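So the structure is just underneath, and the comments pick up after that.
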Amino acid sequence: MPRLRVTRVLMYLLLIALALFYLLPVYVLVNNGLKSFQEVSLSRMWEPPSAFRLDSFAKAYARLAPNFRNSVLLVVPATILAAALGSINGYLLSKWKFTGADVVFPLLLFGMFIPYQSVLIPLVQFLQWLGRTLDIRLYGTIAGLALVHIVYGIPITTLIFRNYYATVPTEVVEAARIDGAGLLGTYRDVILPLSMPGFVVVIIWQVTQVWNEFLFAVTITGNPARQPVQVALRNLAGSQIIEWNVQMAGALLTALPTLLVYVFLGRYFLRGLLAGALKG
Amino acid sequence: MAIAASLPRRPARLRVRRDYALSALLVTPSVLAVGIFVYGFIGWTIYVAMSGWNSFLPDLSFVGVRNFVELFQTPRFQIDLRNTLVFTVTFLLGCLGLGLLLAVLLDQRVWGEGFFRNVYLFPMSISFIVSGTAWQWLLNPSTGVNLLFEAVGLDRLKSPWFTDPQIAIYSVVLAAVWQMSGFTMAMYLAGLRGIADELREAARVDGASEWQLYRHIILPLLNPITLSAVIVLGHISLKIFDLVFAMTGSGPAFSTDVPGIFMFETTFRGNRFAEGAAIAIVMLLMVATVVIPYLVWSTRAEREA
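Structure representation (structure tokens):
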């Protein structure tokens, strides 16, 4: 059927055209990041570089490296602890529904939708107060920012794990109970060994979120040396004196970690994404 | 195992009841943390919004709804609300339309489906700050896509983009749709894959064209997905901040200003904490209007299931 073949060709053309649209910003970032400083020109944005030069990347990296370190120091604890809490909560709220568990869960969930502006002023006051009266230095530090990401990460990690454990048959838990295992024993011996896929989804989700987050980062860490990489990139890109090819190289470097996670573990990334829509 | 079952250390029922109490106890730290950091802080923000704290020094004297009244009379905030409406509507239409198109295309047993899907979805994995930086240059009137249009002879499509107050907000919408449409695609594609092949076959046997099949059978089945996507994307667009902040800021004549930007500048640059808190509470109310019915609906649906 020739008519069918024509529609298929048109379909592929459309798919390719749309793919080019999605790749446009990547091309611009890579292309101009690789040019030498002499070659960079606004009017030749799309022309490929005559020779690949890593000067812009080197310069961007020199400026962003301390902030990269901060982001790593932020992401690791914020991810591990939020995932651990989510796993325990998800287990309790799906397999040990105490009276009121069905009220607690939606109340927790609401926390993942709020605009964080609505908690920002008390949050800053609270962290400053902790430093002033108890000498717990959380305001202006990566540790403080990590705590914030752990607490506000609890709703989504709990949701993903709760939906994940809902797929574990209740009979499995009951069988363990008959064998004499208590709540904690069942978690350790039965649930935890089954949890790997859940942890992968949650960890990828939380790493991406925390790495990419900006509002908390910019309000809680004031000192440039303590800022995560997104804030540093914003300062770099908002600067009038930094060459724009360095800005583009910086943007690409900042995007690289989550981009790599996506390229290699995209399947799990997608699952976390869809869990955000409440459908596990 | 037989011995453990026949010789329980204590009556099983008592132990189970103890475990339910332990369950409530173990969930308490998280509940307390979220209780303070979400509900407690929201309560405190409401209190600040009703105080006279509009300078660097805290002043928690109660002034009632005065800050809200003044806020709604502020021209900048009126512009912000209009921008939010325009942004949300066009952003949703863009994401739903493009997402559905991509999903339907990918559902036609295409060669290289995985590749295309990954390309459409990858922007979701990068930050708004990164994409704002890239699009700021792509839509810079003296370079970027304007050069492309020029090169292919489509000079008529050249645009001042975010430098023109009339269309600046649509430049941000374009970047936002680029970043988030993969999400709707993924949701629709999951929905399409969930529709039984027998249903399609039955419709084809009955003589339905592909168009009729989609129009009358498949699209109506995707309605719940559209609803979920509208809630998730809608609440993101009501609180959008990073992308605008990185790409255009307030824009010429506040043409890309949104409540998130206004709140941030008022509070942390202008030290007008009560006014900033009032903006934040309006944002919260907008989001809550969209999200709370959805939360109630989905928890009820789950309980019935």
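Line order of the protein sequences matches chains R and P. Residue numbers 1 to 280, in the working numbering, belong to the letters of the first sequence in order. Residue numbers 1001 to 1305, in the working numbering, belong to the letters of the second sequence in order. Glycine is no exception: its CB is placed at the ideal position from the N, C-alpha and C atoms. Predicted, not measured: the structure shown is a model, and the values here were computed from it.
Given that a residue counts as buried once 16 or more other Cβ atoms are within 10 Å of its Cβ, and exposed if not, what is residue 201 of chain R? buried
Examine chain P for any beta-carbon lying closer than 8 Å to the beta-carbon of residue 36 of chain R, and answer yes or no. no
Chain P residues whose Cβ lies nearer than 7 Å to that of residue 96 of chain R: 1019, 1020, 1023
Would you give the residue range spanned by the alpha helix (DSSP H) that residue 250 of chain R belongs to? 244-275
Through-space distance from residue 1154 of chain P to residue 78 of chain R, alpha-carbon basis: 49 Å
Minimum Cβ-Cβ distance from residue 1187 of chain P to chain R less than 8 Å: yes
Would you kindly work out how many angstroms separate the C-alpha atoms of residue 1191 of chain P and residue 1101 of chain P, rounded to a whole number? 13 Å
Compute the beta-carbon to beta-carbon distance between residue 141 of chain R and residue 212 of chain R, rounded to the nearest angstrom, for a pair I have assumed lies under 8 Å. About 20 Å separates the two Cβ atoms, so there is no contact after all.
Short-range partners of chain P found in the region 124-147 of chain R, where Cβ spacing is below 7 Å: none
Give a yes or no on whether 8 Å exceeds the smallest Cβ distance from residue 170 of chain R to chain P. no
Please list, in chain order, the chain R residues whose beta carbon lies closer than 7 Å to that of residue 1108 of chain P. 11
Is the CB of residue 106 of chain R under 8 Å away from at least one CB in chain P? yes
Can the beta-carbon of residue 1246 of chain P be found less than 8 Å from the beta-carbon of residue 271 of chain R? no
Tell me whether residue 1002 of chain P sits in a helix, a strand or coil according to DSSP, three-state version. Residue confidence is low: residue 1002 of chain P scores 43 on pLDDT, short of 50, so the model does not pin down where it sits. Its coordinate-derived value is still stated next. Note: residue 1002 of chain P maps to helix in three-state DSSP.
Give the residues of chain R in contact with residue 1120 of chain P, contact being defined as C-beta atoms less than 8 Å apart. 18, 19, 22
Kindly list, in the order they appear in chain R, the residues whose Cβ is closer than 9 Å to that of residue 1177 of chain P. Per Cβ cutoff of 9 Å: no residues; residue 1177 of chain P is ~10 Å from chain R at best.
In the DSSP assignment, what are the bridge partners of residue 1062 of chain P? P:1051
Apart from the five residues on each side of it in sequence, which residues of its chain come closer than 6 Å, Cβ to Cβ, to residue 1141 of chain P? 1160, 1161, 1163
Leaving out five residues on either side along the sequence, give the residues of the same chain with a beta carbon under 7 Å from the beta carbon of residue 1177 of chain P. 1091, 1094, 1095, 1098
Residues near residue 1022 of chain P by beta carbon distance below 8 Å, same chain, minus five either side: none
Give me the Cβ distance between residue 1042 of chain P and residue 1285 of chain P, rounded to the nearest whole Å; I'm assuming they're in contact under 8 Å. Not a contact, Cβ separation roughly 11 Å.
Alpha helix (DSSP H) runs contained entirely in the region 1112-1171 of chain P, provided each spans 4 or more residues: 1113-1121, 1128-1138, 1145-1151
Cutoff 8 Å: residue 45 of chain R Cβ touching any chain P Cβ: yes
When the Cα atoms are used, what is the spatial distance from residue 1015 of chain P to residue 82 of chain R? 29 Å
Mind checking whether residue 190 of chain R and residue 173 of chain R have CB atoms under 8 Å apart? yes
Using 8 Å as the threshold, is the C-beta distance between residue 251 of chain R and residue 1134 of chain P below it? yes
Run the CB neighbour count on residue 96 of chain R, radius 10 Å, all protein chains shown included, and call it buried at 16 or more, exposed below. buried
Is there a Cβ of chain P sitting closer than 8 Å to that of residue 262 of chain R, yes or no? yes
In three-state DSSP terms, what is residue 181 of chain R? coil
Applying a beta-carbon distance threshold of less than 7 Å, which residues of chain P neighbour residue 33 of chain R? By Cβ distance, chain P contributes nothing, its closest Cβ being about 11 Å from residue 33 of chain R, past 7 Å.
Can you grab the Cα-Cα spacing for the pair residue 1138 of chain P / residue 25 of chain R, in whole Å? 7 Å
Quick one: give me the first and last residue of the alpha helix (DSSP H) that residue 1196 of chain P is part of. Residue 1196 of chain P -> no alpha helix (DSSP H), and no H or E assigned at all.
How many Å lie between residue 1037 of chain P and residue 85 of chain R at the Cα? 16 Å
I need the DSSP call for residue 154 of chain R, collapsed to helix, strand or coil. helix
Determine whether the beta carbon atoms of residue 1048 of chain P and residue 1203 of chain P lie at a separation below 8 Å. no
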